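Asker: After the structure tokens below, expect a handful of questions from me.
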Amino acid sequence: MTDRDNSIDAEVMDIMKRYPRLFRTGSSTKSRGPMHDGFLCDPGWYPLLDRLFGDIDAICREDDLTGIKVSQVKQKLGGLRVYVQGGNDRVNDRIRQAEAEAAATCEGCGGSSPGIRSIGGYVTNVCDPCLNKRKKELLDR
Ligand SMILES: [Zn+2]
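If you read the sequence shown in my numbering, its first letter stands for residue 208, the second for the next number, and so on.
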């Protein structure tokens, strides 16, 4: 589990800075709005999010979308959720594609995942080695 109370993960910050059109990365925390927490998911999904936002950025240029903003990126019930304001059908279709991709991708390591499952009421989408690691972490608590 990552500590989500403090600063944004450096890798996430890099991705957000690559697409200022989508994230409004300013110097103050406030200017990032709800994205001040970064991505509320584990690193296994960062590469597919990077590709997603790269494609959305390209769609914005092609379709001349200026008021677009990513409002939230999170893991909910083992699935990826990406919320965007001011997008269009192409953007929404690309997001659905990334969410489907995440459903088959381990949130822990980015390898292939057998799908969403539950460990002791904790719903997650990880491969077997990551699941074993998490079980150990849960037991060590
Ligand atoms: Zn894994």
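By construction, the Cβ of each residue, glycine as well, lies at the ideal position given by its N, Cα and C atoms.
Predicted model, so just to flag it, every value in this text is computed and none were measured.
Would ARG301 be called buried (16 or more neighbouring beta carbons within 10 Å of its own) or exposed?
Answerer: For this step, residue 301 is matched to residue 94 along the sequence shown. Counting of Cβ neighbours within 10 angstroms places ARG301 among the buried residues, the total reaching 16 or more.
Asker: Output the distance between the C-alpha atoms of ASP249 and LYS342, rounded to the nearest integer angstrom.
Answerer: Taking the sequence shown and counting its residues from 1, the one referred to as residue 249 is at position 42. Taking the sequence shown and counting its residues from 1, the one referred to as residue 342 is at position 135. When rounded, the distance between both Cα atoms is 16 Å.
Asker: Under 8 Å by Cβ, that's how I've got LYS281 and GLN292 pegged, so tell me the actual separation to the nearest angstrom.
Answerer: Translated into positions along the sequence shown, residue 281 becomes position 74. Translated into positions along the sequence shown, residue 292 becomes position 85. Taking 8 Å as the upper bound for CB-CB distance, LYS281 and GLN292 are not in contact here, some 15 Å apart.
Asker: CB-CB under 6 Å to ARG348, same chain, minus the five flanking residues each way: which ones, in chain order?
Answerer: For this step, residue 348 is matched to residue 141 along the sequence shown. So the list is empty, once near-sequence residues are dropped.
Asker: With C-beta atoms as the reference, is GLY245 less than 9 Å away from ILE215?
Answerer: Counting from 1 along the sequence shown, the entry for residue 245 is found at position 38. Counting from 1 along the sequence shown, the entry for residue 215 is found at position 8. Cβ distance < 9 Å, so GLY245 and ILE215 count as in contact.
Asker: Which of the three DSSP states, helix, strand or coil, is assigned to LEU284?
Answerer: To locate residue 284, count along the sequence shown from 1; it is residue 77. In the structure shown, LEU284 sits in coil (DSSP, three-state: anything other than H, G, I, E or B).
Asker: Excluding the five sequence neighbours on either side, which residues of its own chain have a C-beta within less than 6 Å of the C-beta of CYS316, listed in chain order?
Answerer: As a first step, residue 316 is located in the sequence shown; it is residue number 109 there, counting from the start. For CYS316, where only same-chain residues beyond five positions count, the Cβ hits under 6 Å are GLY251 and CYS337.
Asker: Report yes if the CB atom of GLU314 is closer than 9 Å to the CB atom of ASN332, and no otherwise.
Answerer: Numbered from its first residue, the sequence shown carries residue 314 at position 107. Numbered from its first residue, the sequence shown carries residue 332 at position 125. Yes, Cβ-Cβ distance for GLU314 and ASN332 is below 9 Å.
Asker: According to DSSP, which residues form a beta bridge with TYR329?
Answerer: Position 122 of the sequence shown, counting from 1, holds the residue named residue 329. For TYR329, which the question treats as bridged, DSSP gives the partners ILE326.
Asker: Please name the residue, chosen from ARG324, ASN295 and MET220, that lies closest to GLY274 on a Cα-to-Cα basis.
Answerer: Counting from 1 along the sequence shown, the entry for residue 274 is found at position 67. Answer by Cα proximity: ASN295.
Asker: Beta-carbon separation of LEU284 and ILE323 under 9 Å?
Answerer: Here residue 284 corresponds to residue number 77 of the sequence shown, with the count starting at 1. Here residue 323 corresponds to residue number 116 of the sequence shown, with the count starting at 1. A contact, by the Cβ cut-off of 9 Å.
Asker: For GLY261, report the span of its alpha helix (DSSP H) as first-last.
Answerer: The sequence position of residue 261 within the sequence shown is 54, counting from 1. Segment 253-270, the alpha helix (DSSP H) holding GLY261.
Asker: Report yes if the C-beta of VAL415 is less than 8 Å from at least one heavy atom of ligand 1; otherwise report no.
Answerer: This structure gives no information on residue 415, because the portion of the chain shown stretches from 208 to 348.
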